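Protein chains in written order, with our numbering: chain A, 6 to 300; chain B, 6 to 300; chain C, 6 to 300; chain D, 6 to 300; chain E, 6 to 300; chain F, 6 to 300.
Cβ coordinates follow ideal geometry from the N, Cα and C atoms, glycine included.
All values reported here derive from a predicted model rather than from experimental measurement.
Report on the structure given below.
There are 6 protein chains.
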Amino acid sequence: MLKPNIETFIGCDAQYKDANIVLYGAPFDSTTSYRPGARFGPAAMRHESYAIETYSPYLDIDLTDYCIFDSGDMELSFGKSEDALADIEQRCDVILNDGKLPVLLGGEHLVTLGAVRSVYKKYPNVSILHFDAHADLRDDYLNCRLSHACVMRRCHELVGDGRIHQFCIRSGDREEFKFASEHTNMHRFGLEGFGDTVKRLYDDKTPVYLTVDLDCLDPSCFAGTGTAEAGGISVTELLNAIYAIGGLNIVGADLVELAPVLDLSGNSTTTACKILRELLLALEKETGIKKENVI
Amino acid sequence: MLKPNIETFIGCDAQYKDANIVLYGAPFDSTTSYRPGARFGPAAMRHESYAIETYSPYLDIDLTDYCIFDSGDMELSFGKSEDALADIEQRCDVILNDGKLPVLLGGEHLVTLGAVRSVYKKYPNVSILHFDAHADLRDDYLNCRLSHACVMRRCHELVGDGRIHQFCIRSGDREEFKFASEHTNMHRFGLEGFGDTVKRLYDDKTPVYLTVDLDCLDPSCFAGTGTAEAGGISVTELLNAIYAIGGLNIVGADLVELAPVLDLSGNSTTTACKILRELLLALEKETGIKKENVI
Amino acid sequence: MLKPNIETFIGCDAQYKDANIVLYGAPFDSTTSYRPGARFGPAAMRHESYAIETYSPYLDIDLTDYCIFDSGDMELSFGKSEDALADIEQRCDVILNDGKLPVLLGGEHLVTLGAVRSVYKKYPNVSILHFDAHADLRDDYLNCRLSHACVMRRCHELVGDGRIHQFCIRSGDREEFKFASEHTNMHRFGLEGFGDTVKRLYDDKTPVYLTVDLDCLDPSCFAGTGTAEAGGISVTELLNAIYAIGGLNIVGADLVELAPVLDLSGNSTTTACKILRELLLALEKETGIKKENVI
Amino acid sequence: MLKPNIETFIGCDAQYKDANIVLYGAPFDSTTSYRPGARFGPAAMRHESYAIETYSPYLDIDLTDYCIFDSGDMELSFGKSEDALADIEQRCDVILNDGKLPVLLGGEHLVTLGAVRSVYKKYPNVSILHFDAHADLRDDYLNCRLSHACVMRRCHELVGDGRIHQFCIRSGDREEFKFASEHTNMHRFGLEGFGDTVKRLYDDKTPVYLTVDLDCLDPSCFAGTGTAEAGGISVTELLNAIYAIGGLNIVGADLVELAPVLDLSGNSTTTACKILRELLLALEKETGIKKENVI
Amino acid sequence: MLKPNIETFIGCDAQYKDANIVLYGAPFDSTTSYRPGARFGPAAMRHESYAIETYSPYLDIDLTDYCIFDSGDMELSFGKSEDALADIEQRCDVILNDGKLPVLLGGEHLVTLGAVRSVYKKYPNVSILHFDAHADLRDDYLNCRLSHACVMRRCHELVGDGRIHQFCIRSGDREEFKFASEHTNMHRFGLEGFGDTVKRLYDDKTPVYLTVDLDCLDPSCFAGTGTAEAGGISVTELLNAIYAIGGLNIVGADLVELAPVLDLSGNSTTTACKILRELLLALEKETGIKKENVI
Amino acid sequence: MLKPNIETFIGCDAQYKDANIVLYGAPFDSTTSYRPGARFGPAAMRHESYAIETYSPYLDIDLTDYCIFDSGDMELSFGKSEDALADIEQRCDVILNDGKLPVLLGGEHLVTLGAVRSVYKKYPNVSILHFDAHADLRDDYLNCRLSHACVMRRCHELVGDGRIHQFCIRSGDREEFKFASEHTNMHRFGLEGFGDTVKRLYDDKTPVYLTVDLDCLDPSCFAGTGTAEAGGISVTELLNAIYAIGGLNIVGADLVELAPVLDLSGNSTTTACKILRELLLALEKETGIKKENVI
């Protein structure tokens with residue numbers, strides 16, 4: 006008897022009950038102000054992930070060593086951002102309540118707010134590790150407070166001063182940089198100070214939410230994003246940063262702003278797939294239970 | 006002394022006070038559920054319009070014979086559809102109140118609702134002439150009632166039964182076709198019955214709002230739209246329909262759903278420009294005052 | 006508990022046991038001599054099918070009225086055509102043996118041979134209804150006999166003279182046209198004689214295998230195929246032909262040669278989806294059992 | 006011993022001395038005012054011609070039946086239009102003086118002037134058969150008299166009134182249409198009157214230069230040209246027109262304005278190849294000597 | 006009353022009389038020998054500039070702090086290079102005579118010659134700072150002396166030996182490199198020696214014309230240019246070079262060879278916008294008068 | 006008398022008898038498992054090579070100084086890998102037997118096996134210098150042993166342990182890395198240890214076959230390849246490695262896996278052309294005889 010066509014990110018085909026990491030996709034980009042397309046990001050990563058291997062020669066472990074579940078894309082309402090955020094929050098609640106680690110695939114950066122709202126309920130002292138080209142600290146954008154350009158400002162309203170650690174930021178208006186100097190731990194342009202930040206979070210055993218806007222990368226290595234900004238970091242630098250956080254108390258994570266159609270070579274999508282594989286493996290490496298011990 | 010760089014649709018460089026037709030652009034596509042990009046439609050038409058001539062060999066008149074003003078694109082909020090619609094309505098109010106004919110360039114089809122709300126205030130007995138591949142008659146779409154997929158349903162709530170004349174419709178769910186059979190004057194697939202409809206509107210001197218979703222065209226001649234649907238009409242058929250409405254009492258019009266980036270050849274944009282030129286000339290031909298008699 | 010991510014062609018989410026039509030994908034294009042890419046055809050149709058409706062206003066029925074099962078893509082070996090054909094034949098055997106109708110999504114046209122081998126075992130008197138721009142009647146192509154350019158010649162070796170009915174053929178070498186004049190029922194350029202052929206097949210109750218190479222369509226309405234050839238039929242003509250075969254004794258069918266990446270607008274993929282929907286509904290309309298009577 | 010890599014249009018590999026038709030390419034588009042790229046037309050046709058067959062099922066003859074020589078692309082100076090035209094004229098002189106029929110592949114339409122100057126020297130009573138979307142009758146364009154937009158005006162200065170027969174014209178400024186009404190035999194929009202014109206040219210045994218601007222075609226079937234204009238003819242209509250001229254006294258011909266990169270599907274290039282094959286065969290059919298009788 | 010649609014580079018909306026920097030666009034690429042498209046560069050930068058911010062976190066100043074005027078694109082004749090150069094020279098004369106700093110947006114590199122001719126009249130001792138992948142020192146190119154490949158040779162005829170300082174040069178023929186070794190101050194491959202050159206120009210208070218061919222950048226970070234050449238510098242290196250020249254006596258500048266359509270991701274255009282913003286701010290930082298002191 | 010159109014890689018127009026290096030193209034990609042297109046690599050390099058110069062400012066020599074012959078593309082059978090490999094081996098045999106150095110242009114990486122089989126017959130102690138992102142050491146791939154993913158495994162069966170020196174490898178399954186640790190000299194990620202390897206090969210005067218899979222480069226500088234993998238080396242690093250091997254006893258070489266259509270900017274093709282030029286010059290520099298001494 007023929008089986009139905011289950012499609013997951015490569016190597017993430019565990020059963021939900023066995024999984025300790027759960028992927029969920031938020032195909033939403035309604036507030037994107039420049040070039041939309043991030044809505045297609047999570048599906049593209051799933052479809053194109055068979056172009057990469059499950060094995061990482063960097064970490065010498067394999068996605069198939071662990072139990073990861075891919076719950077697919079949610080069906081989100083375009084045109085009603087608050088509804089979409091509520092759906093994301095609810096999905097994240099379920100995953101957290103089942104004692105699993107939620108990893109969100111965007112979608113535009115606003116989707117992070119849904120996940121952070123959920124995580125914050127469970128971990129009110131959560132800190133946010135934020136990789137991005139943009140400060141995302143506007144109070145409103147064209148009169149709208151639920152915009153990708155405001156997402157870190159909204160997160161700040163939840164977690165408060167000194168809880169948001171921003172890296173690679175190289176674009177914003179003057180007000181955002183002023184706000185950052187008073188309220189967040191912003192590192193301009195690159196990764197300077199990253200080691201210190203990680204060490205502090207490690208020492209404090211702080212619960213950490215990791216949000217990676219893929220436009221933190223330089224456009225040369227990641228063309229497929231709506232507001233690419235020259236002067237970013239390389240994939241190798243980002244991977245090294247990801248390896249460094251393996252020991253932290255990560256309670257949630259996301260990878261956002263892949264807009265596949267903007268890079269017709271398809272390489273941005275496969276690069277995002279590689280980054281996700283390494284992120285999943287870095288998260289599993291420290292605390293994950295090998296599949297052989299689960300099933 | 007050097008002059009500032011004024012950019013208009015070709016041949017539409019009259020002063021506002023002299024103009025009898027006013028163009029306004031609504032670069033909005035937040036509720037687009039499939040492939041976005043219509044937000045770039047009106048700017049692309051303006052930029053690429055210099056690829057066509059101002060003269061029409063079909064009508065033997067020239068855009069430069071008349072006074073048309075291009076007011077550029079509005080700055081609309083992404084993520085707050087109701088706000089965007091209010092801005093469109095207000096711009097249309099201004100144009101109507103100054104006794105001029107408003108011609109809206111979209112953007113996704115939802116923008117039509119802003120214009121129809123404005124026109125309806127001035128002309129409560131307005132009829133709508135609607136060219137589209139899609140019925141756009143859903144009551145809500147993914148729980149959202151302000152969606153491009155619902156725009157004609159919202160218009161129906163304003164103008165009532167028998168006032169919406171739909172042509173070229175070849176996609177929708179079963180409910181929409183059922184709704185149409187009871188509440189609108191829908192013509193499936195093509196232009197059958199168009200002549201009769203026009204004759205009736207002419208005889209009754211009904212005020213008419215014309216809304217042209219460019220996906221009424223077959224994808225072979227118009228690839229650059231978010232939800233192209235095989236089986237549409239040709240450009241020549243659309244132009245002939247436009248020439249036919251020249252004698253009607255048109256009180257507002259729009260051209261929507263050009264998504265330039267989806268047709269990398271650029272031909273959809275130049276085709277939209279040609280259609281707009283012919284539409285403007287068809288509107289001017291009957292009632293427009295020649296520039297020589299204005300200035 | 007979150008569910009796994011099942012991905013099917015839109016509206017084809019029945020259980021296998023209830024289904025009377027079964028889709029299966031053959032992502033193979035190793036012998037494509039010009040522009041490859043058809044391997045991505047079936048996955049693209051599945052992914053992009055949510056851009057169309059499940060309801061057909063042409064037939065006034067809906068995919069969700071019936072039980073259709075999508076078994077996804079097979080994993081086929083590139084570089085070993087005979088192995089790939091054996092896999093396809095085996096999958097088709099299973100479906101036929103379970104009393105269901107197999108509908109194959111290619112892939113290049115060679116994949117048809119796997120299905121025809123299977124069907125021929127069960128129905129030795131099968132006829133083939135063949136829509137294509139190319140005769141595909143070469144004995145070998147660059148010394149290779151298992152090539153997309155030879156597929157109908159290989160089928161002829163199975164089914165024999167007068168059993169292959171070819172339409173829309175407008176390309177081939179002189180030998181192929183000579184072969185056709187002696188061994189097949191070839192109709193050049195378009196659909197002339199189609200009604201007669203259908204009538205004969207209907208009257209004889211002949212078991213019919215339907216193979217649609219999408220390059221039978223004109224490149225203007227279907228750019229996304231590896232060897233598009235000017236002078237083809239329109240989508241409407243193809244749909245009407247498909248509606249006409251609804252009453253035949255169809256025992257297997259395929260839709261091949263969509264190469265999604267060759268049409269960056271995406272419209273070829275959505276057009277292929279629409280054609281597949283109409284084909285499935287045309288097949289169901291006559292003999293399909295409504296879902297309400299099955300489950 | 007290995008042989009050098011000779012590249013010709015498919016089936017045009019005769020020796021120069023045996024050939025009765027000679028192809029020559031003019032990769033020039035310096036005066037293109039909108040979207041350049043026609044410079045790559047002739048090379049693309051040569052490279053991609055292996056995607057079509059040498060055999061025509063329409064005419065039932067084969068390019069390999071005849072002796073055609075492809076002399077490749079000239080090296081033309083960008084930035085000096087007069088020099089480029091002189092080079093084209095000289096190449097055409099050589100071919101004509103050797104008693105062969107020159108067929109020019111553009112490039113932008115200005116290149117036609119070089120060939121017409123050459124042909125006019127040998128046939129002062131030459132008529133021009135002109136397929137185009139544009140009148141090309143401006144006296145100057147942005148102060149430049151050697152522009153693609155002026156090429157027929159320059160030709161008119163050579164051949165005089167009533168000698169230029171224009172078809173499919175649907176764009177130009179008012180002055181051009183006025184000029185045409187007084188000086189050329191212009192047919193707007195399509196092919197109305199084509200049969201009569203051909204009959205007259207046939208009866209008078211007039212030497213005819215044929216110039217085909219491929220933008221006479223509708224953009225739906227030919228996207229790859231710099232100034233595509235909706236409302237054109239189909240490929241089948243153009244082919245039928247080409248077949249009709251087979252009996253005329255053709256003394257030179259060209260095919261211009263393919264800009265391959267503007268149609269990323271590649272279909273415009275293969276369509277141009279098919280049109281060239283049919284044109285060459287139509288020219289050979291009447292008067293060509295079969296290869297078997299030559300070598 | 007509605008206002009006309011003025012389109013400028015972002016933040017460059019001062020009045021001409023108040024401005025101390027004036028932008029002017031030269032949409033010309035007629036002598037481009039390989040892939041054209043630079044004609045669309047200045048318009049694309051203007052259109053897409055709203056994708057970047059007006060504020061620079063690198064320099065901590067904002068375009069809106071200063072008075073910059075954007076005079077739009079000139080209408081240049083294709084096919085007559087000398088005329089186009091004369092138009093550019095005249096526009097530059099006007100700006101210089103009004104005591105303002107001209108910043109030219111290309112177009113191909115030949116446009117620089119028009120500006121240098123103008124600047125040279127006012128500053129006969131001007132030096133040229135030249136960033137480029139190509140030497141541009143041919144005496145003629147395919148018999149044409151007014152070609153992008155000859156522009157620095159033509160400039161050398163004006164300013165003489167030792168006045169042209171070339172950086173990042175990694176392509177040319179043997180003669181050009183020989184010429185450079187005798188007549189210009191050429192630095193191969195990268196920026197070695199840049200600091201020394203800047204220091205000397207600073208100490209001598211030499212009037213400097215800055216010409217940036219964007220293909221000095223590596224293709225990885227700037228794909229959108231007609232003759233990209235591997236081995237170039239990064240955006241960060243170019244920005245640092247630009248910051249270094251802030252203190253020089255810059256009397257004119259240009260940014261050339263963006264060909265937007267060659268980078269379908271759009272990132273080359275936004276990168277060019279960022280480089281222009283930083284260049285304008287670097288020029289303003291030292292000597293510009295803040296808007297608050299002007300108006 | 007007009008000459009036939011010979012097309013070669015730029016500057017490689019010697020006669021075969023005079024040449025000491027011979028180029029041959031293998032347009033084959035039938036076993037490509039992800040994105041095909043490498044079949045068009047060698048033709049694209051030939052066509053686009055006129056975009057680069059023949060002179061290298063890096064080495065200060067010129068392709069026109071030497072005698073190189075380009076024998077064009079072979080006509081290979083799609084669908085029969087073993088036949089294609091036999092054709093490649095035979096062509097390489099001819100070149101080697103005539104005492105010339107064969108340089109193969111792919112095509113997918115499997116084509117290397119044909120050349121290595123030929124070289125191995127003449128030089129049984131040959132070593133292989135291998136640049137690649139992928140280990141290519143699978144024993145079979147989807148049951149096929151003649152696959153691009155197995156090519157180095159097949160080569161290992163010929164040349165044996167310790168004879169294959171791999172660099173830049175950053176993808177593969179766990180088994181491949183295990184195999185490498187036991188049987189090949191693999192260097193992960195980059196070029197660490199390259200100098201030592203070259204020194205040893207130099208000291209031992211080992212005959213060396215050089216195979217460069219262009220996906221050893223980072224996708225940022227080489228997007229046009231079927232399975233690009235982030236984390237690769239830069240063009241400058243690859244060129245420096247190529248310069249370093251100039252003194253080795255190179256007995257054969259190839260450059261494979263350029264898939265031109267995957268990089269629509271065209272820059273991957275021109276970069277491949279530059280790498281080939283530098284490779285040819287590096288090979289000629291040590292041992293090549295200048296043309297002036299040959300002819």
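Quick one: what's residue i bridged to in DSSP?
i: B/Val108; result: B/Leu28 and B/Ala258
i: D/Gln171; result: D/His135 and D/Met191
i: F/Lys295; result: F/Tyr71
Which same chain residues end up closer than 7 Å to residue i when comparing Cβ atoms and leaving out the 5 residues on each side of it in sequence?
i: D/Arg282; result: Ile57, Ser61 and Leu68
i: C/Asn254; result: Lys210, Thr211, Pro212 and Val213
i: F/Asp88; result: Ser82
For residue i, name the three-state secondary structure that DSSP assigns.
i: C/Met157; result: helix
i: B/Leu215; result: strand
i: D/Asp98; result: helix
i: F/Ile57; result: coil
i: E/Tyr146; result: strand
i: C/Asp208; result: helix
i: D/Ser273; result: helix
Ordered along the chain, which non-local residues of its own chain (more than five positions away) have a Cβ less than 8 Å from that of residue i?
i: F/Asp145; result: Ser152 and Cys155
If you compare alpha carbons, which of the options is closest to residue i?
i: C/Asp103; options: C/Tyr21, C/Met50 and C/Gly119; result: C/Tyr21
i: B/Arg175; options: B/Phe227, B/Gly236, B/Thr274 and B/Asp78; result: B/Gly236
i: B/Ile93; options: B/Ala120, B/Cys72, B/Met50 and B/Lys85; result: B/Ala120
i: E/Asp65; options: A/Thr276, A/Asp178 and A/Thr241; result: A/Asp178
i: C/Leu219; options: C/Phe199, C/Gly198, C/Ile247 and C/Glu197; result: C/Ile247
i: D/Arg96; options: D/Asp75, D/Thr230 and D/Ala138; result: D/Asp75
i: F/Ser273; options: E/Pro224, E/Val266, E/Glu289 and E/Gly165; result: E/Pro224
Using beta-carbon positions only, say whether residue i and residue j come within less than 9 Å of one another.
i: E/Thr216; j: E/Val256; result: no
Excluding five sequence neighbours on each side, which residues of the same chain lie with their C-beta closer than 6 Å to the C-beta of residue i?
i: C/Phe194; result: Arg175
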